[in-house]
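Peer 1:
Protein chains: 2
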Amino acid sequence: MKNYKLIIADDHKMFLDGLLSILASKKEYEIILTANSGKNVAKYLDINNDNESIDLVITDVNMPDLNGIELNRHIKNKHPKVKTLVVSMLHDAQTVQTLTQDNVDGYVPKNAEKAELIHAITTILDGEKYFSQSIKDVYLKGMFSNEKSLHESLSKREKEVLKLIAQEYTTQEIADKLFLSKHTIESYRKNLISKLEVRNLAGLTKHALKLGLVDE
Amino acid sequence: MKNYKLIIADDHKMFLDGLLSILASKKEYEIILTANSGKNVAKYLDINNDNESIDLVITDVNMPDLNGIELNRHIKNKHPKVKTLVVSMLHDAQTVQTLTQDNVDGYVPKNAEKAELIHAITTILDGEKYFSQSIKDVYLKGMFSNEKSLHESLSKREKEVLKLIAQEYTTQEIADKLFLSKHTIESYRKNLISKLEVRNLAGLTKHALKLGLVDE
DNA sequence: TGTACGCCCCCTGTTTACAGTGAGTTTTAA
DNA sequence: TTAAAACTCACTGTAAACAGGGGGCGTACA
């Protein structure tokens, strides 16, 4: 029986402890590292490249410093041999889609059964991918709704401006902040109003919140 | 050594499994029931009143059907002998305050250490209360911040206007809708901006969302 | 009975947002 | 390499929001 080396990243220590308890029953899984942020995992992998051969990183999505999405991206770029399994309680269409685009190996919600988690891990370690049904549902729903198209239709700069608008900055202030002309910002605001099909700052702000560009 | 009867309610099965693993090491704790919603716990307690004597209910806050706040309230009303410990990852000032007002026996965040959880449980079973430092911080911050008072200081009419503002109506439109003068609405908007300490429609909209006056 | 508060209205300004139109430059991707 | 998309800037208006005043009217409550 082969031995596998695992890393777990979750900023909820209690959950982490729980996960450890669950995996403790399986002797073929060796937990090399547990971390409460993605940054420590990335650092570990970068430093111990080639020496250790980590098989799987299990990670939450919401974490300080480096979240699960960024961690997965880092792993897939710098350590493509390492498998990744996301275990999260959030599973909005956007997150799922981003992760699958970034070639994540699996996604299981935190309300999954213990058995399903084990199954996901073994499946992934066998070289296949594993996604819970609820995750697949979310993914498909996201594909056919227009929610996503709104997100995608916004460019980087537009999102940046939208964020600042929702943070109550005036056009002039945003222009100063971004070292752009006031006219440019006005153009962006106009386009945003048009694209998002709203009438004014209030509507823009609601979308900014929905897109998670600002807190609260 | 006394034996204690526990109930655990959490809709994240994986977390629940983890909690069970943690508590399995302590033989004096007998897990009578686990549930993924507060409703089942309330039902169990109501039916088995007097027969079983549950000592402690450990519960999450966010659950379907009956959430942790409602469950705690139910327990404290109908089964005052049963202790309650909230284990949650959300701990906003409002939630903490409501729960303490409802006489919850303890509150530990999910990112707490395993040891702290055990400590909380033993403390509560000894008849005392236990709140993590981070929870106390949140509580105190909530006490001395103006967050809550801001909300409460809004009159009925102000909330009505605020709602319409967040729904992207202009001053004139709101005036027409409410059969008021445009000047009146402008006064309200001005007062709202002043009271809520924001700068413009964007800030007002965020507050309207926070107050739940509008959807999304 | 007076004073606090919610509600309603008005005036004068200044600033900002909104609407329409047009156009050059750079980046990206087919 | 060319076309599309993103990014940038400009001009002209009109409408609305923002800022700072003031005041009257009714009710509740101490």
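Residue numbers (numbering that gives the first Met the number 0), protein chains in the order written: chain Y, 0 to 215; chain S, 0 to 215. No residue lacks a Cβ here, since even glycine has one placed at the ideal position from N, Cα and C.
Label S:E167 either buried or exposed according to how many other C-beta atoms from any shown protein chain fall within 10 Å of its C-beta, with 16 as the threshold for buried.
Peer 2: buried
Peer 1: So the alpha helix (DSSP H) S:T169 belongs to, where does it begin and stop?
Peer 2: Looking at the DSSP string, S:T169 is not in any alpha helix (DSSP H), and its letter there is neither H nor E.
Peer 1: May I ask which residues mark the beginning and end of the alpha helix (DSSP H) holding Y:G37?
Peer 2: Annotation: the continuous alpha helix (DSSP H) that includes Y:G37 extends over 37 to 46.
Peer 1: Taking the Cβ atom as the reference point for each residue, do Y:K181 and S:M13 lie within a distance shorter than 8 Å?
Peer 2: no
Peer 1: Using the DSSP secondary-structure output, state which residues sit across from Y:Y3 in a beta bridge.
Peer 2: Looking at the DSSP assignment, Y:Y3 forms a beta bridge with Y:Y28.
Peer 1: Run down chain S in chain order and give the residues with a C-beta less than 7 Å from the C-beta of Y:K209.
Peer 2: The answer, in chain order, is E215.
Peer 1: What are the start and end residues of the alpha helix (DSSP H) that includes Y:V60?
Peer 2: Premise fails: Y:V60 is in no alpha helix (DSSP H) and is neither H nor E.
Peer 1: Indicate the three-state DSSP secondary structure (helix, strand or coil) for S:F14 in the structure shown.
Peer 2: Three-state DSSP puts S:F14 in a helix.
Peer 1: Can you have a look at S:R48 and say buried or exposed, based on whether 16 or more other CB atoms are within 10 angstroms of its CB?
Peer 2: Checking the sequence, you will find Asn at residue 48 of chain S rather than Arg. Exposed, because fewer than 16 other Cβ atoms sit within 10 Å of the Cβ of S:N48.
Peer 1: Any idea if Y:S154 is buried or exposed, counting beta-carbon neighbours within 10 angstroms, 16 or more meaning buried?
Peer 2: exposed
Peer 1: For S:D101, tell me which candidate among S:H90, S:T83, S:I134, S:L89 has the shortest Cα-Cα distance.
Peer 2: S:T83
Peer 1: Can you tell me whether S:A111 is buried or exposed? The criterion is at least 16 other CB atoms within 10 Å of its CB, across all chains shown.
Peer 2: buried
Peer 1: For Y:V95, report the span of its alpha helix (DSSP H) as first-last.
Peer 2: 92 to 100
Peer 1: Are there 16 or more other CB atoms within 10 angstroms of the CB of Y:L98, so buried, or fewer, so exposed?
Peer 2: With 16 or more Cβ atoms within 10 Å of its Cβ, Y:L98 is classed as buried.
Peer 1: For Y:H11, decide whether its Cβ has a neighbour in chain S, counting only Cβ atoms nearer than 8 Å.
Peer 2: yes
Peer 1: Just to confirm my understanding: we take S:I21, look at its own chain, exclude 5 residues before and 5 after, and list those with CB closer than 6 Å. What are they?
Peer 2: Here S:I21 has K113 as same chain residues with Cβ atoms under 6 Å from its own Cβ, once five neighbours each way along the sequence are excluded.
Peer 1: Distance, Cα to Cα, S:M62 vs S:V85?
Peer 2: Distance between S:M62 and S:V85, taken at the CA atoms: about 12 Å.
Peer 1: To the nearest angstrom, report how far apart S:K38 and Y:K162 are at their CA atoms.
Peer 2: 40 Å
Peer 1: Can you check DSSP and say which residues form a bridge with Y:G105?
Peer 2: Y:L84, Y:Y129
Peer 1: Kindly indicate which residue of Y:G202, Y:I6, Y:S133, Y:K189 has the alpha-carbon position closest to the one of S:A214.
Peer 2: A quick correction: the sequence has Asp, not Ala, at residue 214 of chain S. The option with the nearest alpha carbon to S:D214 is Y:G202.
Peer 1: Tell me which residue opens and which closes the alpha helix (DSSP H) that Y:G202 is part of.
Peer 2: Unbroken alpha helix (DSSP H) run through Y:G202: 200 to 209.
Peer 1: If we call anything under 8 Å between Cβ atoms a contact, is Y:D45 one with Y:K4?
Peer 2: no
Peer 1: Determine, using beta carbons only, whether Y:A174 comes closer than 8 Å to chain S.
Peer 2: With 8 Å as the cut-off, Y:A174 does not count as an interface residue toward chain S.
Peer 1: Tell me whether S:A8 sits in a helix, a strand or coil according to DSSP, three-state version.
Peer 2: strand
Peer 1: Output, in chain order, the set of chain S residues within a Cβ distance shorter than 7 Å of Y:G202.
Peer 2: In chain order: E167.
Peer 1: Let me confirm a value: Y:F130 is counted as buried when at least 16 other C-beta atoms fall within 10 Å, else exposed. Which label applies?
Peer 2: buried
Peer 1: S:V197 versus chain Y: which residues are under 9 Å apart at the beta carbon?
Peer 2: E167
Peer 1: Alpha carbon to alpha carbon, what distance is there between Y:G211 and Y:S152?
Peer 2: 15 Å
Peer 1: Just curious, the alpha helix (DSSP H) that S:E196 is in, first and last residue?
Peer 2: Careful: S:E196 lies outside any alpha helix (DSSP H) and carries neither H nor E.
Peer 1: If you measure beta-carbon to beta-carbon, which residues of the region 104 to 122 of chain S are closer than 7 Å to chain Y?
Peer 2: K109, N110, A111, E112, K113, L116
Peer 1: Spatial neighbours of S:A34 within its chain, please: CB distance less than 6 Å, with the 5 preceding and 5 following residues excluded, ordered by chain position.
Peer 2: A8, V40
Peer 1: So, with DSSP's three-state summary, where would you put S:L179?
Peer 2: coil
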